[in-house]
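Worksheet for the structure shown next.
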Amino acid sequence: MMELPQTTGVAEVTTVSESVLVKCEVEDSLASNGEELFDNPNLLSPKCEDASLATFLGISGPSKLELDTEESVLVCFDNEEMIHSKELKSHQRINKRKKQHTCDICQKNLSSSYNLKLHQSLHTGEGLFKCDVCKKCFTTSSSLNIHQRVHTGAKPFQCDVCNKCFSHSGYLTSHQRVHTGEKPFKCDTCKKCFTKSSSLNVHQRVHTGEKPFQCDVCKKCFPQSSQLTVHQRLHTGEKPFKCDTCKKCFTTSSGLNVHQRVHAGEKLYKCNMCNGTFSTSSHLKTHRRVHTVEKPFQCSVCDKCFSRSSSLNHHKIAHTGEKLFKCDTCKKCFTASSSLNVHQRVHTGEKPYKCDVCNRIFSRKSSLNRHLKTHPKKKSDNS
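Residue numbers (my numbering): 2 to 384.
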């Protein structure tokens, strides 16, 4: 008979050498007996905060282990049961369920006591690493170091192909897939592939219909938080993206990028039916419906169909009478954001439409078109 400390793992007992293998669950280190593990500090995991084996193995008290001289057995120190090797996996699964690491504050289950300790620091604030600039807290120093690059602007990870730099190695890895074409994340439903797991997670909401982000004002729901953020600007009137050329403002950076092509004269997208050119792929897609007479957007109230989703949304207001778009200056309300934009020129004095004949300027395109009719058309040389 020999004595061993009670551990959270299992010990294997053989009749050949009658040795005991004590397994470290953190590093998978093995020692031939308990005393060797006590005496050999090299076998102790560097992840353990305390150099004592008691802390390392979670010892709660000594327990006697009797060697079976007839056959090999496994002894579980969690509950002092003798089990055969063929029953080990099933036994360990049962014990794992019994010994879940649960946060007593929010009841969240964690995979280890170490992760539980990190998680609980979010509740208590103890042991957190705080950013000196914005006071945001993190559970690890490495997370804090990565976050601080937001303030310093440091981007130490550079792409070998295009030399673009990133603040995090993970961002660089995702970016490099643009060059390699690698898309390792596949949707089980439609087999579409993505470069990032986050993109796959968002895409899967198309199939599930999940829209977890709700607007507090109109209760409209969205599958992405970024879509909700952009939508909320319709209510607040916020337009944080300004054109340096004409000072026009936009709710999204993509809207600004598209607008800037007007000044640059860029029209990258060409219709293969009439050779018309457009500044955005969406404008080209909408234009093609002129040729196909496709009207995929149908009103659920009166069944009228439209070639553009924006036209459908504008039409729906005729049924509801809602005026969601308010002028910050005079508080007048409008049924469409485009109507609000035109109205705001009354206050700003903006007149973006210019007559090429007499250089007169107008606040509305319709006013310019009406004005152009006052100029006689040039006669052709053959007439």
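By construction, the Cβ of each residue, glycine as well, lies at the ideal position given by its N, Cα and C atoms.
| Asked | Found |
| --- | --- |
| Per-residue burial, Leu341 [other beta carbons within 10 Å of its own, 16 or more giving buried] | buried |
| Identified DSSP bridge partners for His260 | Paired residue(s): none; His260 is not in a bridge. |
| C-alpha distance - Ser339 paired with Asn360, whole-angstrom precision | 25 Å |
| Gly171, enclosing alpha helix (DSSP H) - first and last residue | 170 to 181 |
| Inter-stretch contact at 8 Å, needing at least 3 Cβ pairs: the stretch 203 to 212 / the stretch 278 to 298 | no |
| Cβ pair count under 8 Å reaching 3, the stretch 112 to 126 against the stretch 134 to 143 | yes |
| Coil, strand or helix - Leu341 by DSSP | helix |
| Own chain, CB closer than 6 Å to Asp51, minus 5 neighbours either side, in chain order | The predicted position of Asp51 is uncertain, since its pLDDT is 33 and thus under 50; a value taken from the coordinates is nonetheless stated next. Counting only Cβ-Cβ distances below 6 Å, and skipping sequence neighbours, we find nothing. |
| First and last residue of the uninterrupted alpha helix (DSSP H) at Leu313 | 310 to 321 |
| N-terminal and C-terminal residue of the alpha helix (DSSP H) that Arg289 is part of | 282 to 293 |
| Lys366 in three-state terms, based on DSSP | helix |
| Top-ranked residue by Cα proximity to Lys187, from Lys197, Cys222, His180, Asp133 | Lys197 |
| Of the listed residues Gln233, Ser301, Lys327, Val151, nearest to Ala319 (C-alpha basis) | Ser301 |
| Proximity below 7 Å, CB of Cys166 to CB of His176 | no |
| Phe224 burial status per 10 Å Cβ neighbour count (16 or more: buried) | Before going further, note that residue 224 is Pro rather than Phe in the sequence given. Under this definition Pro224 is a buried residue. |
| Boundaries (first-last residue) of the alpha helix (DSSP H) holding Gln205 | 198 to 209 |
| Proximity winner among Glu239, Lys212, Lys220, relative to Ser226 (alpha-carbon distances) | Lys212 |
| C-alpha distance - Thr190 paired with Val347, whole-angstrom precision | 51 Å |
| For Arg365 and Tyr354, believed in contact at Cβ under 8 Å, the rounded distance | 7 Å |
| Sheet register partners of His102 (DSSP bridge) | Leu111 |
| 8 Å contact criterion, which Leu369 and Leu235 should meet: CB distance rounded | Contact doesn't hold; Cβ gap of about 27 Å is too wide. |
| Burial state of Ser280 (16 or more Cβ within 10 Å) | buried |
| Between the CA atoms of Leu285 and Pro241 - distance to the nearest angstrom | 27 Å |
| Per-residue burial, Thr103 [other beta carbons within 10 Å of its own, 16 or more giving buried] | exposed |
| Cβ-Cβ distance between His288 and Cys272 below 7 Å | yes |
| Spatial neighbours of Lys374 in its chain, beta-carbon cut-off 8 Å, leaving aside the 5 residues before and after | none |
| Whole-angstrom C-beta distance between Lys249 and His260, which should lie under 8 Å | 7 Å |
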